[in-house]
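One rule links them: number in my numbering = place in the sequence shown (from 1) + 2.
Using N, Cα and C, we set each Cβ at its ideal position, and we do this for glycine too.
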Amino acid sequence: MILNHCYLEILILLLSCFLFAFISFKKCYNTTIPTPFSKNPFEFSIGFRKKIWTYPLFLFLAIMAMKVRNLNLGIVATIGPIVVSYSYYLMMEPDYFIWIHQFSSKEFLKYKIYQAIKNSLLLSIILLLSISLYFYQSLDKILFAYGLAILFFCLIIIIKYASYPNKIGFPEIILITFCIYLPPLLLVFIPYFYKKAYQKINKFLYD
Numbered sequence: 003m004i005l006n007h008c009y010l011e012i013l014i015l016l017l018s019c020f021l022f023a024f025i026s027f028k029k030c031y032n033t034t035i036p037t038p039f040s041k042n043p044f045e046f047s048i049g050f051r052k053k054i055w056t057y058p059l060f061l062f063l064a065i066m067a068m069k070v071r072n073l074n075l076g077i078v079a080t081i082g083p084i085v086v087s088y089s090y091y092l093m094m095e096p097d098y099f100i101w102i103h104q105f106s107s108k109e110f111l112k113y114k115i116y117q118a119i120k121n122s123l124l125l126s127i128i129l130l131l132s133i134s135l136y137f138y139q140s141l142d143k144i145l146f147a148y149g150l151a152i153l154f155f156c157l158i159i160i161i162k163y164a165s166y167p168n169k170i171g172f173p174e175i176i177l178i179t180f181c182i183y184l185p186p187l188l189l190v191f192i193p194y195f196y197k198k199a200y201q202k203i204n205k206f207l208y209d
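The structure is reproduced here in structure tokens:
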């Protein structure tokens, strides 16, 4: 299993994304960076501009992975944009931004998860294809790690709205970290926090 060989890289990357969430660079000039994302949902349009500097880094890691034939480095480069995207969902929007959606609670959560998966795929598809083609003999490991990163994204979004209007706390971050070492826990925590998120969002969106 690939997780037996790159726990350290994935753990460092996951913890780094939470660190990135608290790092901001002041604009030295008045400009707006264009993004491939619409203003709705707001998480990616705002987060992408703040973390755009990380994407050349992942591209460099992917190139180095192919140059030195290091599969683990290639996997880290592939899931890197997804992991950085986790930090976009650490910000809590005003309840008005939830209320304006004409969705039921289930539809709202599905919409948020769908948009996160779609946009993270848009950010990482070139890296995923490049690494998959180069390390085609390990395609199953690459797709497994990629799918796991997507599942973690789903968990983080659900935990965000299960904690709403409070920010994701330290206990939840510890829980997410435990899931890195025991991925089967995702099958327990995703349904559990989904139910809590449904109950929280139901206060603002009525089925």
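So, at 6 Å on beta carbons, what are the nonlocal neighbours of residue 98 in its own chain, with the 5 sequence-adjacent residues on each side left out? none
Could you check how far apart the C-beta atoms of residue 152 and residue 84 are, in whole angstroms? I think they sit under 8 Å. 7 Å
For residue 53 and residue 86, which I take to be in contact (beta-carbon distance under 8 Å), what is that distance rounded to the nearest angstrom? The Cβ separation is near 5 Å, so the contact holds.
Does the count of Cβ pairs from the region 126 to 145 and the region 55 to 72 closer than 8 Å reach three? yes
Three-state secondary structure (DSSP) of residue 184: Assigned with DSSP and collapsed to three states, residue 184 falls in coil, not helix or strand.
Should residue 50 and residue 79 be called a contact, given that it needs their Cβ atoms to be closer than 8 Å? Not in contact: residue 50 and residue 79 (Cβ atoms no closer than 8 Å).
What would DSSP say about residue 97, mapped onto helix, strand or coil? coil
Among 131, 188, 103 and 142, whose alpha-carbon lies nearest the alpha-carbon of residue 160? Nearest option by C-alpha distance: 188.
Residue 203 and residue 111 closer than 8 Å at C-beta: yes
Could you spell out the range, first to last residue, of the alpha helix (DSSP H) harbouring residue 117? According to the DSSP assignment, residue 117 belongs to the alpha helix (DSSP H) that extends over 107 to 136.
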